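Trainee:
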Amino acid sequence: MFKKILPCAILLAFNAHALPQDVASNFSQLNGYMTWDNHQEIKLEGNTYHPQGMVKIGDYFYISSVEVIEQPTKYSKPMQGLDRTAGKGKGHLFKFDKTGKLVAQVTFGEGDIYHPGGLDFDGKNIWMPVAEYRPHSHSNIYKVDPNSLEITKQFTVNDHIGALSYDPETETLYGGTWGSREFYTWPLKDNKANPQSTTVKNTSYYIDYQDCKFTSEHFLVCSGLKKYTVNGKEEVAFGGLELIDTRSMTLSQQMPVDAWIKPNLPMTQNPFWIEKEHESLTFYFAPEDNKTSIYVYKEHNS
C-alpha cells in the first residue's frame, strides 16, 4: 500500500554517482582528534516519527521513517525463529527542501512489512529496504524515484535488512541485517529480479550500523551507535562512523563521533549523509524522533 501526499512539481537533474569518488580518501585522513562543532541546524517541518535513513540530492533531503502504531512484544520463547511479534506501523519517506520545509511524502507498508531502513542514492534512484520490525524476519527491497516518489519493488529477502548501499559502477547492492551483524551482497547486473546473495559476518562490534553510503573506491561509510549500561543503571550511547572495504566487507577505519543530543542519544542515531565540499567533508545527522532537526558538521581535524 502506497499513499502519496504533497506531490512535488520540481524536477531534479542528477549526476552519474551520488558521492564523489574521493570521499573515502578524505575520510581516511580524519583522526580521532577531530573536533565536532555544529555548523548549522535545519529544523524539519511536521512530525517525522522515528527517522531511519537519509540521502541528500541537490538541495533536497529525503528521510525514511517508521510510525509505530503498536510496539512489537517479546515472546516468552522464540516461535518459528522469531523472538517477538511484528507489531503494527506505517513507513514514511519525507522530502524536505534545504530550509526544512516538507515538500512531499509517501506512506507505505505491506502487512507486517512496514519498517524502512537506511537509504542510498545511485545517481538516479533511491534504494530503500522495508522490513518487519524484528530480527531474522522478511524485507522488501525498493527503488524510489526522487522526483515522483514512485516506489518500485525489486525483490524480497528472507531476513531483516536495515540498511542498503549501492555501487553503480558494478551494479552491486550491499545490505546490513538487524544491527548490521551480517552483510549481504547482491550482484544485480545479470539478475535484478531474483539476485543471488552472499553473506559475511560483521566482526566490528563497537557500533551497530544504521545508515551506510557507497563512496566509490569500493568503500562504504557507515554511521551508527551502540548503547551501554553503566553499573547496571545509567544508559550511555556511543556513536561513530566506520569505513568498510567492500572487497572483503571488513573494517578499514573507525571514527568516533564526539557529539550528543543527550547521553543516550548520539548524533549518529540512524539518518546520516556525507558529502565533499571545497576539498573537505560535510556531515549531516538527524537523530531525533518526532520533532527532528538536521545537524550539519564540517570537517575539522585537530
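What the sequence shown shows, in mature numbering (1 follows the signal peptide of the UniProt record, and there is no 0), is residues -18 to -1, 1 to 284, in sequence order. Where a beta carbon is used, it is the ideal one built from N, C-alpha and C, also for glycine. Small disclaimer: the values here were computed from a predicted structure and weren't measured.
1) Among THR180, ASN20, PRO269, whose alpha-carbon lies nearest the alpha-carbon of LEU207?
2) Taking the beta strand (DSSP E) that ALA145 falls in, what are its first and last residues?
3) Identify the continuous alpha helix (DSSP H) that holds TYR122 and give its terminal residues.
4) Sorted by chain position, which residues of the same chain lie with C-beta nearer than 8 Å to PRO128's C-beta, five sequence neighbours on each side aside?
5) Who are the near neighbours of HIS(-2) in its chain, counting only those whose CB is closer than 7 Å to its CB and skipping five residues on each side?
6) If we call anything under 7 Å between Cβ atoms a contact, is SER179 one with TYR191?
7) Please state whether DSSP places TRP109 in a helix, a strand or coil.
8) In the DSSP assignment, find the unbroken alpha helix (DSSP H) run with VAL5 in it and report its ends.
9) Can you have a look at ILE133 and say buried or exposed, based on whether 16 or more other CB atoms are within 10 angstroms of its CB?
10) With DSSP as the reference, label GLY158 as helix, strand or coil.
11) In the DSSP output, what is ALA268 paired with across the bridge?
12) Specify whether the region 212 to 225 and the region 131 to 147 touch according to this definition: at least 3 beta carbon pairs, one from each stretch, less than 8 Å apart.
13) Is it the case that the Cβ atoms of HIS74 and GLN87 are separated by a distance below 7 Å?
14) If you follow the beta strand (DSSP E) that GLN235 is in, where does it begin and where does it stop?
15) Take VAL85 as the anchor and find which of GLU27, PRO177, MET16, TYR156 has the nearest alpha-carbon.
16) Helix, strand or coil for HIS97 per DSSP?
17) So, helix, strand or coil for TYR115, using DSSP?
18) According to DSSP, which residues form a beta bridge with MET61?
19) Can you say whether residue 286 is buried or exposed, counting buried as having 16 or more other CB atoms within 10 angstroms of its CB?
20) Short check: CB of VAL212 to CB of ILE256, under 7 Å?
21) Which residues in the same chain as HIS118 place their Cβ atom closer than 6 Å to its Cβ, once the five residues preceding and following it in sequence are excluded?
22) Near TYR148, what residues of its chain come up, given a Cβ to Cβ distance below 7 Å and the 5 sequence neighbours on each side ignored?
23) Is DSSP giving CYS(-11) helix, strand or coil here?
24) Would ILE243 pass as a contact of ILE24 if the rule is Cβ separation under 7 Å?
25) Would you list the residues sitting across from residue 288 in a DSSP beta bridge?
Mentor: On the basis of the coordinates in this document:
1) Locating residue 207 in the sequence shown gives position 225, where the first residue counts as 1. When each option's Cα is compared against that of LEU207, the closest is PRO269.
2) For the purposes of this step, residue 145 is taken as residue 163 along the sequence shown, with counting starting at 1. Counting along the chain, the beta strand (DSSP E) containing ALA145 begins and ends at 143 to 149.
3) For the purposes of this step, residue 122 is identified with residue 140 of the sequence shown, where counting begins at 1. Residue 122 is actually Asn in this sequence, not Tyr. From DSSP, ASN122 is part of no alpha helix (DSSP H) but of the beta strand (DSSP E) over 121 to 126.
4) Within the sequence shown, residue 128 is the residue found at index 146, counting from 1. Excluding sequence neighbours, PRO128 sits near LEU(-7), PHE(-5), ILE39, TYR42, TYR44, LYS77, PHE103, ASN107, ILE108.
5) As a first step, residue -2 is located in the sequence shown; it is residue number 17 there, counting from the start. Note on HIS(-2): pLDDT 47, under 50, position unreliable in the model; the coordinate value appears next. Only GLY105, PRO150, SER198 meet the Cβ criterion.
6) Residue 179 sits at position 197 when you count from the first residue of the sequence shown. Residue 191 sits at position 209 when you count from the first residue of the sequence shown. Contact: no.
7) The count along the sequence shown starts at 1 and reaches residue 109 at position 127. TRP109 falls in the strand class under three-state DSSP.
8) Here residue 5 is taken as the residue at index 23 of the sequence shown, counted from 1. Residue range 5 to 10 is occupied by the alpha helix (DSSP H) that includes VAL5.
9) Numbered from its first residue, the sequence shown carries residue 133 at position 151. Label assigned to ILE133: buried.
10) Mapped onto the sequence shown, residue 158 falls at position 176. In the structure shown, GLY158 sits in a strand (DSSP, three-state: E or B).
11) Stepping through the sequence shown from its first residue, residue 268 is reached at position 286. DSSP, once it has assigned bridges, lists no residue as partnering ALA268.
12) no
13) As a first step, residue 74 is located in the sequence shown; it is residue number 92 there, counting from the start. As a first step, residue 87 is located in the sequence shown; it is residue number 105 there, counting from the start. In this structure, GLN87 lies closer than 7 Å to HIS74 by Cβ.
14) As a position in the sequence shown, residue 235 is number 253, starting the count at 1. Counting along the chain, the beta strand (DSSP E) containing GLN235 begins and ends at 232 to 238.
15) Residue numbering aside, residue 85 sits at position 103 when the sequence shown is read from its first letter. It is GLU27 whose Cα lies nearest to the Cα of VAL85.
16) Here the question's residue 97 lines up with position 115 in the sequence shown. HIS97 falls in the strand class under three-state DSSP.
17) Indexing the sequence shown from 1 puts residue 115 at position 133. Coil, per DSSP.
18) For the purposes of this step, residue 61 is taken as the residue at position 79 of the sequence shown. Note: MET61 sits in a beta bridge opposite LEU64.
19) Residue 286 is absent from the model: the chain starts at -18 and stops at 284.
20) The residue you call residue 212 lines up with position 230 of the sequence shown. The residue you call residue 256 lines up with position 274 of the sequence shown. Cβ atoms of VAL212 and ILE256: not closer than 7 Å.
21) Position 136 of the sequence shown, counting from 1, holds the residue named residue 118. Answer for HIS118: GLY63, listed in chain order.
22) Sequence index remark: in the sequence shown, residue 148 carries index 166 (1-based). Residues ASP102, ASP104, TRP109, LEU155, PHE196 of the same chain have their beta carbon placed closer than 7 Å to that of TYR148, with the five preceding and five following residues left out of the count.
23) Indexing the sequence shown from 1 puts residue -11 at position 8. Residue confidence is low: CYS(-11) scores 49 on pLDDT, short of 50, so the model does not pin down where it sits. Its coordinate-derived value is still stated next. CYS(-11) falls in the coil class under three-state DSSP.
24) Start at 1 with the first residue of the sequence shown, and residue 243 comes out as number 261. Start at 1 with the first residue of the sequence shown, and residue 24 comes out as number 42. Going by C-beta atoms, ILE243 is not nearer than 7 Å to ILE24.
25) Absent from the structure is residue 288, since the part of the chain shown begins at -18 and ends at 284.
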